[in-house]
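*Asks:* What follows is a structure written as structure tokens; I'll ask about it next.
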Amino acid sequence: MLANFLIGLREGLEASLIVGILVAYLLKTGNPKGARAVLWGTLVAVAVSILAGLALSEFVAVVPEGTNELIAGLASIIAVFFVTWMIFWMAKQARSMKSELHKRVDSAVNTSTGTLIGVAFFAVIREGIETSVFIWSASRATGTDTNPLLGAALGLIVATALGYGVYKGALKLNLSKFFKYTGAFLIIVAAGILAYGIHELQEIGLLPLLTANSYDLSGLIPKDSAIETLLRGTISFRSKPSWLETIAWFSYAIPVAFIYLKPAKKN
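According to numbering that gives the first Met the number 0, the sequence shown is numbered sequentially starting from 0.
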């Protein structure tokens, strides 16, 4: 639940900040019609993102046995690439995002309302699709007993409230620290999802190597116990992972965390 809450919170806040920047700029420049167009584009993007997540869930539910694991494994690995790109993109673009969005709006205003809707749609849909795929993968990795969808919904609700507070000027957030710390935690979450994706592919024999258990903590942390459910719901913990899962976890988490947390060079 916590992992999905954090995904919903971070991605939702990023999207709400983008919408807030666009709407505030259009209202400030005396273009309320353009602001309404941005909201329409946002609503369409949110609807498409939800439909994408539902379509993925429904498709996986009806495919033949074995194909389910294949899709789950590949989708989880793709989701890890998505979220890794998103973490580093946000770290790099956060400072210039506002000015870049203003430039896009200025260009769109000179064309048509439909173009403004497109600016909002494409600005939000990237976040929406990433969120849908990542939440779906995280839900598969953590299990339904950890209430993943509830966690994601609560994260998105809190993100919307925070975004509105920032937009109205009633709330001050240190966004650079917020995205830095949540990004660091999401790297751990992504490592767990990567290991889960490999587990699913090993289950159907696509990765028939290093399948022996690297360790077994089931005696120390029993399955479905409170601590096991908590760990599984936050970092996709597995008490008996294979050697390939363990190697993949560390091979991803250590170098990505090192690069992400490494202090930027001063010019």
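Every residue, glycine too, gets a C-beta built ideally from N, C-alpha and C.
#1: Return helix, strand or coil for asparagine 175, following the three-state DSSP convention.
#2: For the alpha helix (DSSP H) that alanine 247 lies in, which residues bound it at each end?
#3: Among Gly52, Lys102, Ala54, Val47, whose alpha-carbon lies nearest the alpha-carbon of leucine 25?
#4: Contact between the region 9-21 and the region 115-124: three or more CB pairs below 8 Å?
#5: Is the beta carbon of alanine 151 sitting closer than 8 Å to the one on glycine 7?
#6: Is the beta carbon of glutamate 245 sitting closer than 8 Å to the one on serine 213?
#7: Quick check on proline 221 - is its C-beta less than 8 Å from some C-beta in chain C?
#8: Select from Ile258, Ser250, Ser241 the residue whose C-alpha is nearest the C-alpha of alanine 211.
#9: Assign asparagine 30 to one of three DSSP states: helix, strand, or coil.
#10: When the Cα of asparagine 67 is compared with those of Ser224, Phe81, Ala158, Glu202, which residue comes out closest?
#11: Would you grab the beta carbon distance between alanine 190 and tryptophan 135 for me? Rounded to a whole angstrom, and I think it's under 8 Å.
#12: So valine 123 and alanine 14 are supposed to be a Cβ contact under 8 Å. How far apart are they, rounded?
#13: Confirm, please, whether the CB-CB distance from serine 48 to glutamate 199 is below 8 Å.
#14: By alpha-carbon positions, which one of Leu205, Leu206, Ser175, Leu55 ends up nearest to leucine 12?
#15: Are isoleucine 186 and valine 255 close, meaning C-beta to C-beta below 8 Å?
#16: Can you give the Cα-Cα distance for glycine 52 and glycine 127, rounded to whole angstroms?
*Replies:* A quick look at the data gives this:
#1: Working through the sequence shown from its first residue, we reach residue 175 at position 176. Before going further, note that residue 175 is serine rather than asparagine in the sequence given. If DSSP states are grouped into helix, strand and coil, serine 175 belongs with the helices.
#2: Taking the sequence shown and counting its residues from 1, one reaches residue 247 at position 248. Looking at the DSSP string, the run of the alpha helix (DSSP H) that includes alanine 247 is 242-260.
#3: Counting from one through the sequence shown, the residue named residue 25 turns up at place 26. The shortest Cα separation from leucine 25 among Gly52, Lys102, Ala54, Val47 belongs to Lys102.
#4: yes
#5: For this step, residue 151 is matched to residue 152 along the sequence shown. For this step, residue 7 is matched to residue 8 along the sequence shown. Yes. Within cutoff.
#6: Here residue 245 is taken as the residue at index 246 of the sequence shown, counted from 1. Here residue 213 is taken as the residue at index 214 of the sequence shown, counted from 1. It is threonine, not glutamate, that sits at residue 245 in the sequence shown. Closer than 8 Å, so yes.
#7: Reference to chain C is not applicable here, since this structure consists of a single protein chain.
#8: In the sequence shown, counting from the first residue as 1, residue 211 sits at position 212. Checking every option, the nearest Cα to that of alanine 211 belongs to Ser241.
#9: The count along the sequence shown starts at 1 and reaches residue 30 at position 31. Of the three classes helix, strand and coil, the one that applies to asparagine 30 here is coil, per DSSP.
#10: Along the sequence shown, one-based indexing puts residue 67 at 68. Among Ser224, Phe81, Ala158, Glu202, the Cα nearest to that of asparagine 67 is on Glu202.
#11: Within the sequence shown, the letter at position 191 stands for residue 190. Within the sequence shown, the letter at position 136 stands for residue 135. Incorrect: roughly 17 Å between the Cβ atoms, too far for contact.
#12: Counting from one through the sequence shown, the residue named residue 123 turns up at place 124. Counting from one through the sequence shown, the residue named residue 14 turns up at place 15. Going by Cβ atoms, the distance from valine 123 to alanine 14 rounds to 5 Å, so yes, they are a contact pair.
#13: Position 200 of the sequence shown, counting from 1, holds the residue named residue 199. Position 49 of the sequence shown, counting from 1, holds the residue named residue 48. Not in contact: glutamate 199 and serine 48 (Cβ atoms no closer than 8 Å).
#14: For the purposes of this step, residue 12 is taken as the residue at position 13 of the sequence shown. Comparing Cα positions, the closest option is Ser175.
#15: Along the sequence shown, one-based indexing puts residue 186 at 187. Along the sequence shown, one-based indexing puts residue 255 at 256. In this structure, valine 255 lies closer than 8 Å to isoleucine 186 by Cβ.
#16: In the sequence shown, the residue the question calls residue 52 occupies position 53. In the sequence shown, the residue the question calls residue 127 occupies position 128. Cα to Cα, the separation comes out at about 9 Å.
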